[in-house]
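Asker:
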Amino acid sequence: MVICRTIGSLNEYLSARPQGPRLGFIPTMGALHDGHASLIREARAGGRFTVVSVFVNPTQFNDPSDFQKYPKTVDQDVYLLEKTGADVLFLPDVTEIYPQGTAPAKHYDLGYLETVLEGAYRPGHFQGVCQVVERLLRIVAPDDLYMGQKDYQQCMVVQRLIDLEHLPVTLVVSPIRREPDGLAMSSRNMRLDAAHRAGAIAIYEALEDIRRGFTRGPLAALTDAARAALEAKGFRVDYVSIADAASLRLLEEWDGKTPAVALIAAFYNDVRLIDNEVLAQAHQLHKVS
Ligand code: AMP
Numbered sequence: 502m503v504i505c506r507t508i509g510s511l512n513e514y515l516s517a518r519p520q521g522p523r524l525g526f527i528p529t530m531g532a533l534h535d536g537h538a539s540l541i542r543e544a545r546a547g548g549r550f551t552v553v554s555v556f557v558n559p560t561q562f563n564d565p566s567d568f569q570k571y572p573k574t575v576d577q578d579v580y581l582l583e584k585t586g587a588d589v590l591f592l593p594d595v596t597e598i599y600p601q602g603t604a605p606a607k608h609y610d611l612g613y614l615e616t617v618l619e620g621a622y623r624p625g626h627f628q629g630v631c632q633v634v635e636r637l638l639r640i641v642a643p644d645d646l647y648m649g650q651k652d653y654q655q656c657m658v659v660q661r662l663i664d665l666e667h668l669p670v671t672l673v674v675s676p677i678r679r680e681p682d683g684l685a686m687s688s689r690n691m692r693l694d695a696a697h698r699a700g701a702i703a704i705y706e707a708l709e710d711i712r713r714g715f716t717r718g719p720l721a722a723l724t725d726a727a728r729a730a731l732e733a734k735g736f737r738v739d740y741v742s743i744a745d746a747a748s749l750r751l752l753e754e755w756d757g758k759t760p761a762v763a764l765i766a767a768f769y770n771d772v773r774l775i776d777n778e779v780l781a782q783a784h785q786l787h788k789v790s
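Counting the sequence shown from 1 gives a position; our numbering is that position plus 501.
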């Protein structure tokens, strides 16, 4: 694997690569785990020449202490990437990505998506995501962009970015990788001590309870019970919601037809965790690569 720290060296390397295989790109913020590796494996299985970026993007953190505490494990990341078979690691610093500074150059019209769930609880977050993803896509110029369903709403936002900016790239969404006990893999899990790591599976259990109880009719009792179960275990819940899987319009009742997704965000010992589960008539967030 080649490591490029500058746009110049990345461009030089990519322009000299063998022509033929499509370019697959996986943007990450590092502290890599098997969820990230699954995206790389999917790209490689599809025959992609695979570029991974590790860049902790300051503009998508609405909470400065979350940015300060974000785990950084570059040596282990390089090891995981080598083992998984990434072709290139792009490891820029902030001035490489934002030579004019981090102030946004434009506003992305994300519409309703920016007003709900993560958009509502993390003001400015998706503007920062779009800022960095557009920048990275213009630098790397991939054919295919691989992202995880773990960040369900982010995938919808990035598809909107691609449409808004007419970017010539296909978004491929991969399923959520979970620990053996069900906890969704996340870089932030590293910040949980042993007791909280064990207790964190309550989020997955709440999603499973919702999935089992999901039926035609009003949904408030289901989401209220899941929220109460989490709060009883010491979580500070931002939201437990069921939404239309295609639009993220919040559902108060289910008509037995609309594709639906349950989404949870909650703090556990000051670590903010998110997870989701598609409930019914899976919406095609997953594209076949
Ligand atoms: P991050 O480093 O958290 O910004 O994540 C980089 C990419 O990996 C995003 O597209 C995430 O959705 C994806 N990802 C993170 N965790 C998982 C997981 N448990 N399973 C699948 N993909 C994931």
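Yeah, the Cβ is synthetic: ideal placement off N, Cα and C, and Gly gets one too.
(1) When the Cα atoms are used, what is the spatial distance from glycine 718 to aspartate 756?
(2) When you get a sec, list the residues whose CB is within less than 6 Å of any heavy atom of the ligand AMP, chain order please.
(3) So the candidates are Pro669, Ser675 and Ala701; which of them puts its Cα closest to the Cα of leucine 684?
(4) What residue range is occupied by the uninterrupted beta strand (DSSP E) comprising phenylalanine 568?
(5) Would you call proline 593 buried or exposed, if buried means 16 or more other Cβ atoms sit within 10 Å of its Cβ?
(6) Mapping DSSP to helix, strand and coil, what is leucine 596?
(7) Drop a sphere of 10 angstroms on the beta-carbon of lysine 570, count the other beta-carbons inside from all chains shown, and report buried for 16 or more, exposed for fewer.
(8) Please report the distance separating the alpha-carbon of lysine 788 from that of valine 673.
(9) Using the C-alpha atoms, what's the distance from serine 748 back to leucine 611?
(10) For lysine 607, is the classification buried or exposed, using 16 other Cβ atoms within 10 angstroms of its Cβ as the cut-off for buried?
(11) Among Leu646, Leu638, Ile775 and Lys584, whose alpha-carbon lies nearest the alpha-carbon of glutamate 706?
(12) Which same chain residues, not among the five before or five after phenylalanine 562, have their C-beta less than 6 Å away from its C-beta?
(13) By DSSP, does serine 675 sit in helix, in strand, or in coil?
(14) Do the region 644-657 and the region 521-537 touch if we need at least three Cβ pairs shorter than 8 Å?
(15) Can you check whether the CB of leucine 638 is closer than 7 Å to the CB of leucine 668?
(16) What are the start and end residues of the beta strand (DSSP E) that includes arginine 737?
(17) For the beta strand (DSSP E) containing glutamate 778, name the first residue and the last one.
(18) Once you ignore the five residues that flank arginine 712 on each side, which residues in its own chain have a CB closer than 6 Å to its CB?
(19) Give me the residue from Glu754, Arg661, Leu515 and Glu732 with the minimum Cα distance to phenylalanine 768.
(20) Tell whether a beta-carbon distance below 7 Å holds between valine 503 and valine 575.
(21) Let me know the secondary structure DSSP gives serine 687 once reduced to three states.
(22) Going by beta carbon distance, what residues of the same chain come within less than 7 Å of aspartate 739, once the five residues before and after it are set aside?
(23) Would you call the region 529-542 and the region 674-694 in contact, with 3 or more CB pairs under 8 Å?
(24) On a CA-only basis, which of Thr603, Thr671, Pro605 and Cys656 is nearest glycine 620? Give me that one, please.
(25) I need the DSSP call for leucine 657, collapsed to helix, strand or coil.
(26) What are the start and end residues of each continuous beta strand (DSSP E) run of 3 or more residues lying completely inside the region 621-656, in chain order?
(27) Report the start-end ranges of each alpha helix (DSSP H) in the region 530-563 that is 4 residues or longer and not cut off at the edges.
(28) Roughly how many angstroms separate the alpha carbons of serine 687 and arginine 773, rounded to a whole number?
(29) Proline 760 bridges to which residues according to DSSP?
(30) How is serine 790 classed by DSSP in three states: helix, strand or coil?
Answerer: Reading from the atomic positions:
(1) Indexing the sequence shown from 1 puts residue 718 at position 217. Indexing the sequence shown from 1 puts residue 756 at position 255. C-alpha separation (whole angstroms): 7 Å.
(2) Thr529, Met530, Gly536, His537, Ser539, Leu540, Met648, Gly649, Lys651, Asp652, Ser675, Ile677, Arg678, Ala685, Met686, Ser687 and Ser688
(3) As a first step, residue 684 must be located in the sequence shown, where it is residue number 183. The candidate whose alpha carbon is nearest that of leucine 684 is Ala701.
(4) On the sequence shown, residue 568 is found 67 positions in, with the first residue counted as 1. From DSSP, phenylalanine 568 is part of no beta strand (DSSP E) but of the alpha helix (DSSP H) over 565-570.
(5) Numbered from its first residue, the sequence shown carries residue 593 at position 92. The residue in question, proline 593, is buried, as its Cβ has 16 or more Cβ neighbours within 10 Å.
(6) By one-based count along the sequence shown, residue 596 stands at place 95. In the sequence as presented, leucine is not what sits at residue 596; that position holds threonine. Three-state DSSP puts threonine 596 in a helix.
(7) To locate residue 570, count along the sequence shown from 1; it is residue 69. It counts as exposed.
(8) For the purposes of this step, residue 788 is taken as the residue at position 287 of the sequence shown. For the purposes of this step, residue 673 is taken as the residue at position 172 of the sequence shown. Only weak support exists for where lysine 788 lies, its pLDDT of 48 falling under 50; the coordinates are left without a value.
(9) As a working note, residue 611 is residue 110 in the sequence shown. As a working note, residue 748 is residue 247 in the sequence shown. Their Cα atoms are separated by approximately 12 Å.
(10) Within the sequence shown, the letter at position 106 stands for residue 607. The residue in question, lysine 607, is exposed, as its Cβ has fewer than 16 Cβ neighbours within 10 Å.
(11) Taking the sequence shown and counting its residues from 1, one reaches residue 706 at position 205. With distances taken between Cα atoms, glutamate 706 lies closest to Ile775.
(12) Sequence index remark: in the sequence shown, residue 562 carries index 61 (1-based). So the list reads Phe568, once near-sequence residues are dropped.
(13) Position 174 of the sequence shown, counted from the first residue, corresponds to residue 675. Strand, per DSSP.
(14) yes
(15) Here residue 668 refers to the residue found at position 167 of the sequence shown. Here residue 638 refers to the residue found at position 137 of the sequence shown. Cβ atoms of leucine 668 and leucine 638: closer than 7 Å.
(16) Residue 737 sits at position 236 when you count from the first residue of the sequence shown. Taken as a continuous stretch (DSSP letters only), the beta strand (DSSP E) holding arginine 737 covers 737-745.
(17) Walking along the sequence shown from the start, residue 778 turns up at place 277. Note, glutamate 778: beta strand (DSSP E), 772-781.
(18) On the sequence shown, residue 712 is found 211 positions in, with the first residue counted as 1. Within the same chain, arginine 712 has close Cβ partners Glu778 and Leu780.
(19) Taking the sequence shown and counting its residues from 1, one reaches residue 768 at position 267. Ranking Glu754, Arg661, Leu515 and Glu732 by Cα distance to phenylalanine 768 puts Glu732 first.
(20) What you label residue 503 is simply residue 2 of the sequence shown in a count that begins at 1. What you label residue 575 is simply residue 74 of the sequence shown in a count that begins at 1. No, Cβ-Cβ distance for valine 503 and valine 575 is not below 7 Å.
(21) In the sequence shown, residue 687 corresponds to position 186, counting from 1. Three-state result, serine 687: coil.
(22) Numbered from its first residue, the sequence shown carries residue 739 at position 238. Counting only Cβ-Cβ distances below 7 Å, and skipping sequence neighbours, we find Tyr622, Ala766 and Ala767.
(23) yes
(24) By one-based count along the sequence shown, residue 620 stands at place 119. Nearest C-alpha to glycine 620: Cys656.
(25) Walking along the sequence shown from the start, residue 657 turns up at place 156. Checking the displayed sequence, the identity of residue 657 turns out to be methionine instead of leucine. Three-state result, methionine 657: helix.
(26) 645-649
(27) 535-546
(28) Locating residue 687 in the sequence shown gives position 186, counting from the first residue. Locating residue 773 in the sequence shown gives position 272, counting from the first residue. Cα to Cα, the separation comes out at about 10 Å.
(29) On the sequence shown, position 259 is the one that residue 760 refers to. Per DSSP, none; premise fails for proline 760.
(30) On the sequence shown, position 289 is the one that residue 790 refers to. In this predicted model, serine 790 has a pLDDT of only 42, less than 50, meaning its place in the structure is not dependable; the value taken from the coordinates is given anyway. If DSSP states are grouped into helix, strand and coil, serine 790 belongs with coil.
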